[in-house]
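K.L.:
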Amino acid sequence: MTTVDPVPPTVDPAPPPSMRLRELVFGAACAAAVRAAVRLGVADALGDTPATAEDLAAAARTEPRTLRRLLRALSCQGVFTENPDGTFSHTEMSRLLREDDPHSLRYIALWCTEPWTWNVWPKLDEAVRSGRNVFEDVYEEEFFTYLNEQAPESAYVFNRAMTTSSRQSAQDVAALLDLTGASSVADIGGGQGHVLASLLERHPALHGTLLDLPGVVENADPRLRDGGALASRVRVVAGDCRESLPVRADVYVIKNILEWDDDSTRRTLANVRAAARPGARVVVIENLVDDTPSMKFTTAMDLLLLLNVGGAKHTRRSMVDRLTDAGLVIGEIRPVNAYLHAFECTVPA
Ligand SMILES: C[S@@+](CC[C@H](N)C(=O)[O-])C[C@H]1O[C@@H](n2cnc3c(N)ncnc32)[C@H](O)[C@@H]1O
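Numbering (the working numbering), first residue to last: 3 to 351.
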């Protein structure tokens, strides 16, 4: 039988630097614990009533003693809480791991801890030294090619994670963009099309194009696909925006794309300029590393972008420089929400 501590262990909210550093270098254990909880469905198995590790183990089909250890490690981080009688309850963070939570971060948690990430993090020193991605040395392929052709499970997780992020920001983007006078919009690298669908739902006369890689658009949002509510106003294009951009639109939206290597950014913006008529709008939306309330998350993502695509999260200055180099005329730079900024640009005559 599993023994239960009568009182949950206390967690020091402000450990001394020597302990804080020890905790920091064990960051991988935290990430792995969250990933394991998601994959085992522990948060889904726990409802509103506190449950014992034995109950949860039966639902998740695990060993009770090892599940209890996992729950104890997570509870120290505020993901689940251990009650004085040894049962476990949800916290705000653990609820976000449930698949059915309206603000679920399940796929973001999986995405940030996918198997390939564990192979590239140990090479961060190499990437910092060379300034290049290490992904291609490890996997002998470009990141997105690997993802879509070799790692279907990771690609599924990535697309669901991007849709999660888009779902949370799509309404903010739709509210910000004044599309008065525009009859068409194109979302370049628009993932499964959540942002585009929000724009089309808000503007009933608007037509839209979704362009992304073939493996991504074949699973586009059902509203955009044949038979979907918005399908008659949508063109879905499978393509590589660095190669060509066969899309004419009044407004081009480019959200969270231009954080890959500079050459890809240059080629994409050159293709937008070549495809667009003079006066067309180009709205680039990014998380800025120098203007965000979430520095720990954004700087971590910035390093992961270095490792996988040789990219970076932009500063306001670096984004302005890339857009100016592409010959776009930059207008207003506005916050979309606390995490995203929109750079309003125009294609010159
Ligand atoms: C970080 S996600 C952003 C997705 C979406 N714009 C959003 O904000 O949710 C990057 C997207 O770029 C797409 N992508 C990567 N390489 C591409 C390429 N060469 N051409 C077109 N899309 C590409 C990916 O498939 C993915 O959907």
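The beta-carbon is built from N, C-alpha and C at its ideal position, and this holds for glycine as well. Computed from a predicted model, the values in this text were never measured in an experiment.
#1: For a test of the three-state rule: what should DSSP assign to residue 5, helix, strand or coil?
#2: Could you tell me the alpha carbon to alpha carbon distance between residue 226 and residue 180, rounded to whole angstroms?
#3: What do you reckon, is the C-beta of residue 146 under 7 Å from a heavy atom of ligand 1?
#4: For residue 307, which of 223, 68, 97, 262 has the nearest alpha-carbon?
#5: I'd like to confirm the pairing. Which residues does DSSP put opposite residue 210 in its beta bridges?
#6: Would you mind working out which of 335, 312, 244 sits nearest residue 138, comparing C-alpha positions?
#7: Considering only the alpha carbon of each residue, which of 219, 297, 328 lies closest to residue 276?
#8: With hydrogens ignored, establish whether the beta-carbon of residue 88 is closer than 7 Å to any heavy atom of ligand 1.
#9: Apart from the five residues on each side of it in sequence, which residues of its chain come closer than 7 Å, Cβ to Cβ, to residue 165?
#10: Check whether the region 335–348 touches the region 272–286, counting contact only when three or more Cβ pairs, one atom from each stretch, lie closer than 8 Å.
#11: Taking all protein chains shown into account, decide if residue 99 is buried (16 or more other Cβ within 10 angstroms of its Cβ) or exposed.
#12: Which residue wins for smallest C-alpha separation from residue 218, given the options 206, 34, 15, 159?
#13: Alpha carbon to alpha carbon, what distance is there between residue 105 and residue 172?
#14: Look at the Cβ atom of residue 69, then the Cβ atom of residue 76, and state whether they are nearer than 8 Å.
#15: Whole-angstrom Cβ separation of residue 351 and residue 280, contact assumed at under 8 Å?
#16: For residue 292, which option in 302, 270, 318, 274 has the closest C-alpha, if you only look at C-alpha atoms?
#17: Only counting runs of 3 or more residues, tell me where the beta strand (DSSP E) segments fall wholly within the region 233–317, in order along the chain.
#18: Rounded C-beta distance between residue 234 and residue 208? I'm assuming under 8 Å.
#19: I want to check one thing, is the minimum distance from the CB of residue 85 to the heavy atoms of ligand 1 below 7 Å?
#20: Put residue 116 into one of helix, strand or coil per three-state DSSP.
#21: When we look at the beta-carbon of residue 250 and count the other beta-carbons within 10 Å, is it buried (16 or more) or exposed?
#22: Is residue 28 buried or exposed, if buried means 16 or more other CB atoms sit within 10 Å of its CB?
#23: Is there at least one non-hydrogen atom of ligand 1 closer than 7 Å to the beta-carbon of residue 249?
#24: Quick one: measure Cβ to Cβ for residue 244 and residue 270, integer angstroms, because I've assumed they're closer than 8 Å.
#25: From what residue to what residue does the beta strand (DSSP E) around residue 337 run?
#26: By alpha-carbon positions, which one of 265, 88, 79 ends up nearest to residue 94?
#27: Could you tell me which residues DSSP puts in a beta bridge with residue 344?
#28: Which residue's Cα is closest to the Cα of residue 36: 82, 18, 25, 67?
#29: Should residue 132 be labelled buried (16 or more other beta-carbon atoms within 10 Å of its own) or exposed?
#30: Please state the DSSP three-state secondary structure of residue 54.
#31: Whole angstroms are fine: how far does the CA of residue 71 sit from the CA of residue 21?
#32: Distance check for residue 255 and residue 247, CA to CA, integer angstroms please.
#33: If we count the other Cβ atoms within 10 Å of its Cβ and call it buried at 16 or more, is residue 15 buried or exposed?
P.N.:
On the basis of the data shown:
#1: Stepping through the sequence shown from its first residue, residue 5 is reached at position 3. Bear in mind that the predicted position of residue 5 carries a pLDDT of just 42, short of 50, making it too unreliable to give a figure here.
#2: As a working mapping, residue 226 is identified with position 224 in the sequence shown. As a working mapping, residue 180 is identified with position 178 in the sequence shown. Residue 226 and residue 180 have their C-alpha atoms roughly 22 Å apart.
#3: Sequence index remark: in the sequence shown, residue 146 carries index 144 (1-based). Proximity of the beta carbon of residue 146 to ligand 1 is indicated: a heavy atom of the ligand is located closer than 7 Å.
#4: In the sequence shown, the residue the question calls residue 307 occupies position 305. Closest by alpha carbon: 262.
#5: Along the sequence shown, one-based indexing puts residue 210 at 208. In DSSP, residue 210 forms a bridge with 187, 236.
#6: Within the sequence shown, numbered from 1, the residue matching residue 138 stands at position 136. Selected option, being the one with the closest Cα: 312.
#7: For the purposes of this step, residue 276 is identified with residue 274 of the sequence shown, where counting begins at 1. Closest option to residue 276, Cα to Cα, is 328.
#8: Taking the sequence shown and counting its residues from 1, one reaches residue 88 at position 86. For ligand 1, not one heavy atom lies less than 7 Å from the Cβ of residue 88.
#9: The count along the sequence shown starts at 1 and reaches residue 165 at position 163. So the qualifying residues of the chain are 193, 194, 196.
#10: yes
#11: Your numbering for residue 99 matches position 97 in the sequence shown. So residue 99 ends up on the buried side.
#12: Against the sequence shown, residue 218 aligns to sequence position 216. Considering only alpha carbons, the answer is 159.
#13: Taking the first residue of the sequence shown as 1, we reach residue 172 at position 170. Taking the first residue of the sequence shown as 1, we reach residue 105 at position 103. Each residue's alpha carbon lies about 14 Å from the other.
#14: Here residue 69 refers to the residue found at position 67 when the sequence shown is read from its first residue. Here residue 76 refers to the residue found at position 74 when the sequence shown is read from its first residue. No, the pair does not count as a contact, with Cβ atoms beyond the cut-off.
#15: Here residue 351 refers to the residue found at position 349 of the sequence shown. Here residue 280 refers to the residue found at position 278 of the sequence shown. 4 Å between Cβ atoms; contact.
#16: One-based indexing of the sequence shown puts residue 292 at position 290. Checking every option, the nearest Cα to that of residue 292 belongs to 318.
#17: 236–240, 253–257, 283–288
#18: Residue 234 sits at position 232 when you count from the first residue of the sequence shown. Residue 208 sits at position 206 when you count from the first residue of the sequence shown. Rounded, the Cβ-Cβ distance is 12 Å, inconsistent with contact.
#19: To locate residue 85, count along the sequence shown from 1; it is residue 83. No.
#20: Along the sequence shown, read from residue 1 onward, the residue named residue 116 stands at position 114. If DSSP states are grouped into helix, strand and coil, residue 116 belongs with coil.
#21: For the purposes of this step, residue 250 is taken as residue 248 along the sequence shown, with counting starting at 1. Label assigned to residue 250: exposed.
#22: Within the sequence shown, numbered from 1, the residue matching residue 28 stands at position 26. By the neighbour-count rule (16 or more Cβ atoms within 10 Å), residue 28 is not buried but exposed.
#23: Walking along the sequence shown from the start, residue 249 turns up at place 247. Result no, Cβ not under 7 Å from ligand 1.
#24: Taking the sequence shown and counting its residues from 1, the one referred to as residue 244 is at position 242. Taking the sequence shown and counting its residues from 1, the one referred to as residue 270 is at position 268. Right, their Cβ atoms sit about 6 Å apart.
#25: Here residue 337 refers to the residue found at position 335 of the sequence shown. Segment 331–337, the beta strand (DSSP E) holding residue 337.
#26: Here residue 94 refers to the residue found at position 92 of the sequence shown. For residue 94, the nearest C-alpha among the options comes from 79.
#27: Counted from its first residue, the sequence shown places residue 344 at position 342. Per DSSP, 287, 336.
#28: On the sequence shown, position 34 is the one that residue 36 refers to. Nearest option by C-alpha distance: 82.
#29: Locating residue 132 in the sequence shown gives position 130, counting from the first residue. Exposed: under 16 other Cβ atoms inside 10 Å.
#30: Locating residue 54 in the sequence shown gives position 52, counting from the first residue. Correct three-state label for residue 54: coil.
#31: Walking along the sequence shown from the start, residue 21 turns up at place 19. Walking along the sequence shown from the start, residue 71 turns up at place 69. In a straight line, the C-alpha of residue 21 is about 20 Å away from that of residue 71.
#32: Counted from its first residue, the sequence shown places residue 247 at position 245. Counted from its first residue, the sequence shown places residue 255 at position 253. For residue 247 and residue 255, the distance between alpha carbons rounds to 13 Å.
#33: Counted from its first residue, the sequence shown places residue 15 at position 13. Around the Cβ of residue 15, a 10 Å sphere holds fewer than 16 other Cβ atoms; the residue is exposed.
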